[in-house]
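Trainee: Submitted below is the structure of interest, expressed as structure tokens.
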Amino acid sequence: MLNDAFGRQIDYLRVSVTDRCNLRCLYCSSKDQFAWLPPEEILTYEELLRVIRIGLRLGIRKIRLTGGEPLVRKGLLDFIARVSRLEGLKDLSLTTNGILLAEMAGALKEAGLRRVNISLDTLRPERYARLCGRPYLEKVLQGIEAALKAGLHPVKINTVVMKGQNDDELEDLARLTLKAPLEVRFIEFMPVGEGAPWQKEAFLSAREIKERLLSLGDLKPTSSIGAGPAKTYAFPGAPGKIGFITAMSEHFCERCNRLRLTPEGKLRPCLFSDQEFDLKPLLRSHAGDEALAEAFFSALALKPASRFKTRIPRRLMRSIGG
Ligand code: SAM
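Read in order, the letters of the sequence shown correspond to residues 82 to 403 in the numbering used here.
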């Protein structure tokens, strides 16, 4: 079992299937503007399946596919179908910007995907185009509808809150939970990526966000499916939920149960630490399963007790796998 030196049991692997994306978001931009990895650097589906299979053998139970934008990688449906059949898997989810969901949601569900998290920072078309670099808000809204219709339950909306950029829309985004069984999760803006435009002044804490939402009604605590990092609440009678992810104001490192796999095959034990363990040399030199299993433990040994022992991570979310 993947237990670390600090008593945490690791059962969750976030797998980034590509660094490519069909958006150009503000927080994923930097000086080295959108230089993608050469395709041969990215793990093949066979290599990914092998790593996941070994992870499952060691106690991983939940897999989340992410990127970049995972839905832009060709062959993803077939890959999902293969992952979904692996022994030991309890949950298979995907994080997406939602742009391709309107056309893919039904097929994703059929392939064996359980649920989706959809990133959405604004409901205003012009603002979306400015923050995300492409005018695709309508497609995302259609994608959310399609995910609900396909039964990719629960559908969670991830909103990164940035003061002066989208904090005047908190109530509008929260109102989505009054109409549909969506879980709208407000995420504190984090300093991720060298050269990324993170500013202290743009930070708004979950406590402040929650206070602002009280203008819409009382928020009662609720339990959430998946025991993730979000604290969840609901307005009286609402079909949906509100979540807060307090990665900055109140970190949840002591409950951290995850490892990340970057698109080029590095096991990354902590989002905020640049220490990674490279699996690709093992995968491409035909190392045996035991050597790969050992590599999981080597990566685990690099997992810090708390992210406060780390610095701002060098890589951007899109290259780590957000
Ligand atoms: N393309 C997929 C998507 O849009 O959800 C997956 C990758 S994207 C990098 C994952 C998430 O990271 C998005 O929800 C994005 O908002 C979030 N993210 C990126 N930079 C961030 C930052 N500095 N602070 C908080 N969240 C961030």
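Heads up, the beta-carbon is just placed ideally off N, CA and C, and yes, glycines get one too.
Predicted model, so just to flag it, every value in this text is computed and none were measured.
Count the other C-beta atoms from every protein chain shown that fall within 10 angstroms of the C-beta of K155, then say buried if there are 16 or more, exposed otherwise.
Mentor: Classification of K155: exposed, given that the 10 Å Cβ count is below 16.
Trainee: Between the Cα of T240 and those of V96, R336 and Y209, spot the shortest distance and give me the residue it belongs to.
Mentor: Per the Cα distances, Y209.
Trainee: Measuring CA to CA, which of Y314, I133 and L383 is closest to D299?
Mentor: Among Y314, I133 and L383, the Cα nearest to that of D299 is on Y314.
Trainee: Quick check on the burial criterion: 16 or more other C-beta atoms within 10 angstroms. Buried or exposed for S200?
Mentor: It is buried - the Cβ of S200 has at least 16 other Cβ atoms within 10 Å.
Trainee: Is V273 near ligand 1, in the sense that its beta carbon is under 7 Å from a heavy atom of that ligand?
Mentor: V273 Cβ: within cutoff of ligand 1.
Trainee: Following a CB-centred definition, is G149 positioned closer than 7 Å to any heavy atom of ligand 1?
Mentor: Yes.
Trainee: Does DSSP put R205 in a helix, in a strand, or in coil?
Mentor: Reduced to three states, the DSSP call for R205 is coil.
Trainee: Verify whether the separation of the beta carbon atoms of G247 and Q90 is less than 8 Å.
Mentor: Inspection of the sequence shows that residue 247 is occupied by Asn rather than by Gly. Result no, Cβ atoms of N247 and Q90 do not sit closer than 8 Å.
Trainee: Can you tell which of L139, T343 and D355 has the C-alpha that lies nearest to the C-alpha of L129?
Mentor: Taking only the C-alpha atoms, the option nearest L129 is T343.
Trainee: Please report the distance separating the alpha-carbon of M398 from that of G149.
Mentor: So the two alpha carbons sit approximately 8 Å from each other.
Trainee: Would you kindly work out how many angstroms separate the C-alpha atoms of M82 and L139, rounded to a whole number?
Mentor: Spanning the two alpha carbons is a distance of roughly 5 Å.
Trainee: Compare the Cα-Cα distances from T147 to each of R134, D359, I161 and G321 and report the closest residue.
Mentor: If we check each option's Cα against that of T147, I161 comes out closest.
Trainee: What do you get for D100, buried or exposed, if any count of 16 or more other CB atoms within 10 angstroms of its CB means buried?
Mentor: D100 should be labelled buried.
Trainee: Which residue comes first and which comes last in the alpha helix (DSSP H) that contains A188?
Mentor: Its alpha helix (DSSP H) spans residues L182 to A192.
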